[in-house]
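There are 10 protein chains.
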Amino acid sequence: MALQPSKIIETFPNPHPNNTYTIQFSTAEFTTLCPLTGQPDFATLTVEYSPLEWCLESKSIKQFLWSFRDEGHFHEDVTNQILNAMVTACAPRWMTVTGHFNIRGGIDFVITAKYSAK
Amino acid sequence: MALQPSKIIETFPNPHPNNTYTIQFSTAEFTTLCPLTGQPDFATLTVEYSPLEWCLESKSIKQFLWSFRDEGHFHEDVTNQILNAMVTACAPRWMTVTGHFNIRGGIDFVITAKYSAK
Amino acid sequence: MALQPSKIIETFPNPHPNNTYTIQFSTAEFTTLCPLTGQPDFATLTVEYSPLEWCLESKSIKQFLWSFRDEGHFHEDVTNQILNAMVTACAPRWMTVTGHFNIRGGIDFVITAKYSAK
Amino acid sequence: MALQPSKIIETFPNPHPNNTYTIQFSTAEFTTLCPLTGQPDFATLTVEYSPLEWCLESKSIKQFLWSFRDEGHFHEDVTNQILNAMVTACAPRWMTVTGHFNIRGGIDFVITAKYSAK
Amino acid sequence: MALQPSKIIETFPNPHPNNTYTIQFSTAEFTTLCPLTGQPDFATLTVEYSPLEWCLESKSIKQFLWSFRDEGHFHEDVTNQILNAMVTACAPRWMTVTGHFNIRGGIDFVITAKYSAK
Amino acid sequence: MALQPSKIIETFPNPHPNNTYTIQFSTAEFTTLCPLTGQPDFATLTVEYSPLEWCLESKSIKQFLWSFRDEGHFHEDVTNQILNAMVTACAPRWMTVTGHFNIRGGIDFVITAKYSAK
Amino acid sequence: MALQPSKIIETFPNPHPNNTYTIQFSTAEFTTLCPLTGQPDFATLTVEYSPLEWCLESKSIKQFLWSFRDEGHFHEDVTNQILNAMVTACAPRWMTVTGHFNIRGGIDFVITAKYSAK
Amino acid sequence: MALQPSKIIETFPNPHPNNTYTIQFSTAEFTTLCPLTGQPDFATLTVEYSPLEWCLESKSIKQFLWSFRDEGHFHEDVTNQILNAMVTACAPRWMTVTGHFNIRGGIDFVITAKYSAK
Amino acid sequence: MALQPSKIIETFPNPHPNNTYTIQFSTAEFTTLCPLTGQPDFATLTVEYSPLEWCLESKSIKQFLWSFRDEGHFHEDVTNQILNAMVTACAPRWMTVTGHFNIRGGIDFVITAKYSAK
Amino acid sequence: MALQPSKIIETFPNPHPNNTYTIQFSTAEFTTLCPLTGQPDFATLTVEYSPLEWCLESKSIKQFLWSFRDEGHFHEDVTNQILNAMVTACAPRWMTVTGHFNIRGGIDFVITAKYSAK
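Chains as they are written, first to last, in numbering that gives the first Met the number 0: chain A, 0 to 117; chain B, 0 to 117; chain C, 0 to 117; chain D, 0 to 117; chain E, 0 to 117; chain F, 0 to 117; chain G, 0 to 117; chain H, 0 to 117; chain I, 0 to 117; chain J, 0 to 117.
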């Protein structure tokens with residue numbers, strides 16, 4: 000069945016719960032709309048986390064990030080929303096989400112949001 | 000008034016018709032949908048042309064490229080469609096449109112379509 | 000209404016005050032005048048901060064940096080002035096302002112000014 | 000149905016036969032075996048061509064290149080074989096196939112094979 | 000005396016009129032205003048020419064490019080204006096002026112204007 | 000005798016057990032199959048460790064990494080498997096294994112697994 | 000009056016003594032003579048410091064570095080001499096001077112000398 | 000049997016004599032001795048040719064380039080010697096040999112020797 | 000005996016007069032004085048030529064370029080002077096001298112002077 | 000007298016024993032032989048140390064590294080041997096030797112050996 004944009008983030012059991020390790024994934028293909036002008040915004044999005052019991056499933060990651068394509072979002076807000084949703088989904092040791100938004104008006108923005116279980 | 004996606008490409012009179020010169024513009028923010036799977040595709044699009052009587056207006060370029068965001072297009076087809084529409088709009092000496100489409104299945108594609116007024 | 004250079008820095012309420020995160024923005028388009036010779040100086044300016052209650056509004060950032068275009072400023076002074084003004088505007092956890100000034104007489108300068116709330 | 004390695008290269012009708020244009024695709028994921036030692040070889044493979052009536056279909060390209068994974072091939076031979084097979088499949092105006100093979104014994108090889116319809 | 004912005008381009012006699020050679024100069028510090036919005040635009044400007052009897056004097060080049068700082072100009076127009084003024088000043092064999100204007104609305108522009116004495 | 004893929008990792012006695020030092024090796028030629036689709040995956044694999052009594056033998060490293068070529072493995076799992084096997088083989092002070100997997104669906108993954116003897 | 004090489008380093012009062020900040024300057028145009036062979040040596044010189052009451056004046060920096068042009072100096076010695084002279088001139092919190100000397104006999108040298116007020 | 004340095008260059012029959020193609024190989028590991036001082040020299044050596052009936056065998060290339068390790072050679076001479084020997088060995092359509100010799104006394108040298116069958 | 004700056008350029012007989020080849024050498028260590036201000040100028044100098052009967056000797060090249068260190072020269076003039084002197088010394092098929100002079104006042108200059116025997 | 004390969008490392012008295020500083024040198028021209036096959040190996044070697052009473056003399060460094068050219072050495076062993084010999088020669092505060100060995104069999108190795116006086 001064809002992939003669809005989705006707000007649901009699927010997970011799978013951490014295959015090596017006795018190892019401490021990190022998972023980082025990155026895409027240059029994140030796009031939303033500006034909530035003020037409706038014009039498209041573009042960013043490179045990077046997520047890094049250390050799994051405890053659950054890992055984020057990769058097809059599901061793609062569908063979740065796709066779900067922002069037709070929505071209006073401010074840079075600071077959407078980066079933190081993604082962090083909060085992914086932390087809720089997989090309950091990691093820690094997670095960092097970085098959104099590097101393309102130049103607008105000669106200025107680019109990088110938002111870096113962090114979660115720690117402790 | 001807010002910008003909108005638009006299939007109309009506006010032009011303005013070439014301010015230096017007695018000079019021979021080229022205009023190149025490029026954006027890393029071109030996106031369409033795959034006509035088979037509906038999933039987003041992304042490309043860097045570059046256009047270079049030598050104007051005769053008309054130049055392409057920059058806000059209009061942005062709106063025209065935006066108009067492909069929610070449409071399904073094959074790489075080869077959309078690159079040539081953009082060439083044909085821009086040539087029709089400004090009747091240049093010559094024009095080249097290059098679409099560098101992001102990696103899918105480990106393979107990236109670069110389509111380069113050229114027009115010459117002869 | 001058209002944007003104007005402005006010494007006023009506008010803010011908006013931090014949309015995720017319960018998250019600890021950083022905001023970095025950067026522009027390669029900062030220019031002032033040399034206070035000794037009147038000749039233009041150019042710099043890449045980068046600001047990074049961790050917001051508490053307020054975030055810096057992006058259009059306002061652009062107008063504020065623009066306001067230095069016709070003023071005479073020494074490198075060390077203007078970098079610290081920008082830090083002080085932005086800290087006053089948004090009262091962050093911490094902030095760093097870096098000005099990387101273009102080569103003059105074979106030498107380039109990088110000024111890095113830091114503020115911490117503690 | 001799952002993709003399989005395949006020696007068949009599928010094509011589709013050139014959507015813009017009245018335009019002269021080029022199609023380039025590239026993958027960093029080409030691998031064969033050394034026919035002397037049986038050890039894996041790796042290459043970046045780039046194909047560029049100008050279509051006449053037919054274009055190479057992208058899933059089929061992936062399956063065709065995959066079909067060399069478990070076969071023994073010399074660099075010079077396999078690059079020319081790929082050219083010959085792709086030319087037979089789509090009968091282009093011209094085609095260039097470049098294989099950039101990874102360093103072995105401190106030396107890397109780049110084989111560039113060209114076909115022209117005239 | 001302090002340098003000033005100036006529309007006058009000074010020259011000096013070609014010290015090697017019997018040699019055929021080219022002079023290229025480039026600055027990342029060209030700035031004008033947008034004639035529609037009044038906001039600053041920035042470009043990297045490159046000039047290359049082959050002198051006949053006269054060469055462009057370097058301090059004068061700086062003052063001439065500086066003279067556009069507070070004026071409103073479209074990209075296509077200003078690049079050709081600079082070409083025309085410099086050709087008038089030094090009557091070269093040929094000259095090329097390239098303006099690479101910074102990203103606005105996700106799109107950057109490169110204007111390349113050429114003059115040839117023949 | 001020709002090299003073969005092998006799950007056995009050979010070692011040799013640390014030639015400088017009184018020195019504290021690290022050994023890092025890296026290959027851009029790691030390939031496995033996707034366990035869901037059977038399609039090839041590719042990664043750059045980097046291993047860094049501090050030896051105690053034993054060092055990993057380089058030909059054996061090549062054969063061990065080769066042994067994954069025809070097996071199906073998830074990114075998170077295979078990176079940790081490699082760490083566990085190499086730690087078992089040489090009992091180092093500490094070891095880090097990093098797998099940087101090529102882009103699939105617009106997203107690349109970097110898995111970093113760490114072991115420490117303490 | 001024309002600039003001259005000079006062993007005197009001029010300073011100006013720190014305009015923001017209540018801020019903690021750093022000043023870094025760098026030049027690719029440092030040259031001395033080899034004290035053994037008399038042949039020219041070249042280096043990229045970088046200085047970073049945190050000012051207390053005084054800042055180093057930029058024209059004076061240029062003249063001071065110029066003063067080594069016709070003198071014979073070993074790499075290790077001249078880098079430390081520059082540190083000592085600049086520390087004496089401005090009494091900073093801390094200062095680092097790095098000299099990256101061009102390749103001689105296939106080997107390049109980087110000398111990094113540090114001062115701390117505590 | 001172990002490889003040895005050798006002045007003999009082995010060839011194999013061109014597997015695709017009906018195709019026109021080029022073979023380029025490159026090594027960053029070419030070293031000779033300076034004939035004046037006996038000190039080692041180092042170069043990156045690149046060979047490109049279009050085969051007619053014979054191709055250069057890759058192990059033999061390695062042994063041939065190795066044979067210069069303990070010999071004294073001037074840059075201009077050895078680059079042309081390599082061209083002449085390889086042309087004699089495989090009688091190509093054309094061949095280019097480029098030696099990029101590492102910096103000595105602040106100057107690097109690139110020698111490019113070409114042969115054409117016509 | 001120690002090397003000295005020298006206006007004499009020594010040559011040696013072309014060791015392969017029957018081959019057509021080019022010799023390129025480059026240094027990042029060319030420095031002169033500005034004839035107006037007396038301040039040091041710096042350039043990367045590249046020379047490429049095709050020898051007929053004579054080649055330029057490398058130690059002599061170093062001494063010749065060194066001889067400009069304490070002399071005042073304009074960029075356009077000194078680049079052509081070097082071309083003329085080297086052409087006189089070795090009478091090549093053709094020669095190109097390129098001087099890439101470091102940024103002054105925000106502008107860098109590249110002078111490219113060419114000689115051809117025909 | 001001509002330089003020769005030598006196992007003796009000469010030193011000179013630290014000219015600034017009251018300053019704490021580091022000396023780093025690096026060469027891309029380190030070569031040995033593989034002790035198993037006799038074939039040449041190549042590495043970039045970097046040494047960094049903080050001198051106490053003695054500094055390593057640069058011509059002597061060149062001769063010492065040259066002395067490994069005709070000897071067979073394993074990567075791990077030779078990097079530690081160089082550390083031990085240089086520490087013995089100059090008794091530094093601390094020293095790090097890094098050997099980055101070129102790709103063999105698709106894998107490169109970086110050995111980093113450290114010494115500390117405490």
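For glycine and all other residues, C-beta sits at the position ideal for the given N, C-alpha and C.
query	result
Of the residues G:Ser66, G:Met85, G:Asp76 and G:Gln80, the one placed nearest G:Glu47, counting alpha carbons only	G:Met85
Proximity test, Cβ basis, 9 Å: C:Ile102 and chain I	yes
Cβ-based contacts, 8 Å cut-off: residues of the segment 18-40 of chain E near chain B	none
Closest by C-alpha distance to H:Asn79, when choosing among I:Gln3, I:Pro12 and I:Thr19	I:Thr19
Local conformation of B:Glu47 per DSSP, three classes	strand
Burial state of I:Glu28 (16 or more Cβ within 10 Å)	buried
Cutoff 9 Å: D:Gly44 Cβ touching any chain F Cβ	Note that residue 44 of chain D corresponds to Leu in the displayed sequence, not to Gly. Closer than 9 Å: no.
According to DSSP, residues forming a beta bridge with B:Pro12	B:Trp53
Same chain, Cβ closer than 7 Å to A:Ser66, five either side skipped, listed in chain order	Pro4, Ser5 and Lys6
At least 3 beta-carbon pairs within less than 8 Å: the segment 86-104 of chain J vs the segment 53-62 of chain J	yes
Nearest residue (CA-CA) to I:Gln38, options I:Ala112, I:Arg103, I:Leu2 and I:Ala1	I:Arg103
Alpha carbon of H:Thr31 to alpha carbon of H:Glu70, nearest angstrom	6 Å
Coil, strand or helix - J:Glu28 by DSSP	strand
Residue environment, B:Leu44, which counts as buried when at least 16 other CB atoms sit within 10 Å	buried
Close-in-space but distant-in-sequence residues of the same chain around E:Cys33 (CB under 6 Å, 5 per side omitted)	Asp40
Rounded straight-line distance, which links the Cα of B:Phe63 to that of B:Pro12	19 Å
Straight-line gap, J:Lys123 to B:Asp107 (C-alpha atoms, nearest Å)	Nothing in the structure corresponds to residue 123 of chain J, since chain J is present only between 0 and 117.
Cutoff 9 Å: C:Tyr48 Cβ touching any chain G Cβ	no
Cross-chain neighbours of F:Leu2 in chain D, by beta carbon under 9 Å	Thr36, Gly37 and Gln38
Nonlocal neighbours in the same chain, by C-beta distance under 7 Å from G:Ala42, ignoring five residues either side	Phe29, Gly98, His99, Phe100 and Asn101
Chain B within 9 Å of F:Gly105, Cβ atoms only	yes
Against chain D: residues of the segment 49-77 of chain F by CB proximity under 7 Å	Trp65 and Arg68
In DSSP terms, what B:Thr97 is bridged to	B:Thr45 and B:Thr111
Straight-line gap, A:Lys61 to A:Val96 (C-alpha atoms, nearest Å)	15 Å
Under the three-state DSSP convention, the category J:Thr87 falls into	helix
Three-state secondary structure (DSSP) of G:Asp40	strand
Cross-chain neighbours of F:Thr111 in chain A, by beta carbon under 7 Å	Tyr20 and Thr21
As assigned by DSSP and simplified to three states, the class of A:Ile60	helix
Closer than 9 Å to chain F by CB, A:Asn79	no
Between the CA atoms of J:Ile22 and C:Phe73 - distance to the nearest angstrom	34 Å
Check whether J:Lys113 and J:Leu82 have beta carbons under 9 Å apart	yes
Cβ-based neighbour list, C:Leu2, same chain, cut-off 6 Å, excluding 5 preceding and 5 following	Gln62
Three-state secondary structure (DSSP) of B:Ile102	strand
C-beta neighbour in chain J for F:Asn13, strict 9 Å	yes
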